[in-house]
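J.: Numbering (our numbering), first residue to last: 9 to 188.
Structure in structure tokens, see below.
Here you go:
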């Protein structure tokens, strides 16, 4: 026989700058899951805030607050997450960051990272990143480590990251951001 599964989330988000030092944001998501031909949907909310003071930034929030999607009579709770983080601009072009995550379905984790950026002619900005996430270390090998690069030009940004997952193999993450 065959077996199929799919997950999708569609969100609508809004952010609000309260001042030059503080902002809030929230999103409403429609979560759509299919498991072996049975479909379940749910609504969820994400919310967070950011405060800046000089070279220090503090942020935090919650993700996936909402009702559990139901597959027939079985509810599958959303993986909600409470998180907080701090970032420090060590000097121009160098950022260091630390996050604490408290997920519903497993123990807490800590992530540490750094980013070096440089501006070039024509508004081009290039960045290189390295990090460590304690949530992934159980997979063995280099799991928990990550490396990435990014390039930004005006309203476009492209990012790439290599995130090894030990015996499960490597993941390669790409993103393209367009601001308008």
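Backbone N, C-alpha and C fix where the C-beta goes; we use that ideal spot for every residue, glycine too.
As the structure is a computational prediction, the values presented were derived from the model and not from experiment.
For residue 30 and residue 24, what's the separation of their Cα atoms in angstroms?
T.: For residue 30 and residue 24, the distance between alpha carbons rounds to 9 Å.
J.: To the nearest angstrom, report how far apart residue 182 and residue 27 are at their CA atoms.
T.: Going from the Cα of residue 182 to the Cα of residue 27 covers about 32 Å.
J.: Three-state secondary structure (DSSP) at residue 1?
T.: This structure gives no information on residue 1, because the portion of the chain shown stretches from 9 to 188.
J.: Is it true that the CB of residue 149 sits closer than 8 Å to the CB of residue 174?
T.: Yes, they are a contact pair.
J.: Use the C-beta contact count for residue 100: other C-beta atoms within 10 angstroms, 16 or more gives buried, fewer gives exposed.
T.: By the 10 Å Cβ count, residue 100 comes out exposed.
J.: If you follow the beta strand (DSSP E) that residue 140 is part of, which residue opens it and which one closes it?
T.: Taken as a continuous stretch (DSSP letters only), the beta strand (DSSP E) holding residue 140 covers 132-141.
J.: State the CB to CB distance for the pair residue 96 and residue 83, rounded to an integer number of angstroms; the pair is presumed to be in contact (CB under 8 Å).
T.: Not a contact, Cβ separation roughly 41 Å.
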